[in-house]
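Residue numbers for the sequence shown follow this note's numbering, beginning at 1305 and rising by one.
The beta-carbon is built from N, C-alpha and C at its ideal position, and this holds for glycine as well.
No experiment lies behind these values; they were computed from the predicted model shown.
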Amino acid sequence: YAAAAAFRPLQRRFDELQVYEFSDSDDKNAQLVLDRRDAVAAFTKQCGEMIKAYPDFDYSSAAQYLWGASQLTFAKLLFEVPEPQGFDDEMLDIYYEQLDEMRIPVEDRGKARLVGVLEYAQDQKRWSEWTSKALDYLAVNFPTEYAKEVNEVRGVGDSTLVPTAGPIAPPL
């Protein structure tokens, strides 16, 4: 029960981090990125502390999931940030390179954390709703690497196809 009580504020904070909105102001958008970077860093620290404090499988899996999903949400924010006004093509290239330098490592860490949820479940030989959520999140965001398992549908059909009569070709 202690782990459940400690997890609730973590879940609320995660839900808050999922919501963001860009504005028309480049300065506000830049500040949003910087604030969110710091907030995600603090949040991941809280997740790590919870994992250390409560080694319960379900809640440590949940904390790992929130950790990874928060980083992937931040990476998504970096991908979606609008381009600044008044930049020429060369300046935009530099801008996107800078964003990618920030986004790609965050995305890799988030993905690794969600894969860690799956590996932890495999090591413990247990499954939880958070393991399913991690698998679903990976399947949605990285479909080529983590495609959902789809049951093959097999069936028997009966078709009665009668070819239509047409002209007979003359012998050659």
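Whole angstroms is fine: what's the gap from Leu-1382's alpha carbon to Asp-1331's? Indexing the sequence shown from 1 puts residue 1382 at position 78. Indexing the sequence shown from 1 puts residue 1331 at position 27. Those two C-alpha atoms are separated by around 15 angstroms.
Reduced DSSP category for Glu-1449 - H, G, I as helix; E, B as strand; rest coil: Here residue 1449 is taken as the residue at index 145 of the sequence shown, counted from 1. For Glu-1449, the three-state secondary structure derived from DSSP is coil.
Endpoints, the alpha helix (DSSP H) within which Asn-1333 is located: Taking the sequence shown and counting its residues from 1, one reaches residue 1333 at position 29. Element bounds for Asn-1333: 1330-1357.
So Gln-1375 packs on Val-1410, CB below 8 angstroms; how close in whole Å? Walking along the sequence shown from the start, residue 1375 turns up at place 71. Walking along the sequence shown from the start, residue 1410 turns up at place 106. Right, the Cβ-Cβ distance comes to about 5 angstroms (below 8 angstroms), so this counts as a contact.
Does the contact criterion of 3 or more C-beta pairs under 8 angstroms hold for the stretch 1332-1341 versus the stretch 1311-1318? Between the stretch 1332-1341 and the stretch 1311-1318, the count of C-beta pairs closer than 8 angstroms stays below three; the two stretches do not touch.
Should Arg-1340 be labelled buried (16 or more other beta-carbon atoms within 10 Å of its own) or exposed? Position 36 of the sequence shown, counted from the first residue, corresponds to residue 1340. Counting Cβ neighbours within 10 Å, Arg-1340 comes out buried, since at least 16 surround it.
Tell me whether the stretch 1434-1449 and the stretch 1401-1421 touch, counting them as touching only if at least three CB pairs, one residue from each stretch, are closer than 8 angstroms. With the cut-off at 8 angstroms, the stretch 1434-1449 and the stretch 1401-1421 touch.
Measure the C-alpha to C-alpha separation of Ile-1355 and Arg-1413 and round it to an integer number of angstroms. In the sequence shown, residue 1355 corresponds to position 51, counting from 1. In the sequence shown, residue 1413 corresponds to position 109, counting from 1. One Cα belongs to Ile-1355, the other to Arg-1413, and the distance between them is close to 17 angstroms.
7 angstroms Cβ cutoff, Pro-1471 in contact with chain B: Protein chain content of the structure displayed is limited to a single chain, and chain B is not contained in it.
Buried versus exposed call for Ala-1473 [16 or more other C-beta atoms within 10 Å across all chains shown]: Position 169 of the sequence shown, counted from the start, is the residue given in the question as residue 1473. Ala-1473 should be labelled exposed.
Do you know offhand how far Ala-1451's Cα is from Gly-1470's? As a working mapping, residue 1451 is identified with position 147 in the sequence shown. As a working mapping, residue 1470 is identified with position 166 in the sequence shown. Rounded to whole angstroms, the separation of the alpha carbons of Gly-1470 and Ala-1451 is 48 angstroms.
Inter-stretch contact at 8 angstroms, needing at least 3 Cβ pairs: the stretch 1348-1362 / the stretch 1422-1435: In short, these stretches touch, since the Cβ pair count reaches three.
Between which two residues does the alpha helix (DSSP H) containing Thr-1377 stretch? For the purposes of this step, residue 1377 is identified with residue 73 of the sequence shown, where counting begins at 1. Counting along the chain, the alpha helix (DSSP H) containing Thr-1377 begins and ends at 1361-1384.
Where does Tyr-1441 land, buried or exposed, given buried means 16+ other C-beta within 10 angstroms? What you label residue 1441 is simply residue 137 of the sequence shown in a count that begins at 1. The residue in question, Tyr-1441, is buried, as its Cβ has 16 or more Cβ neighbours within 10 Å.
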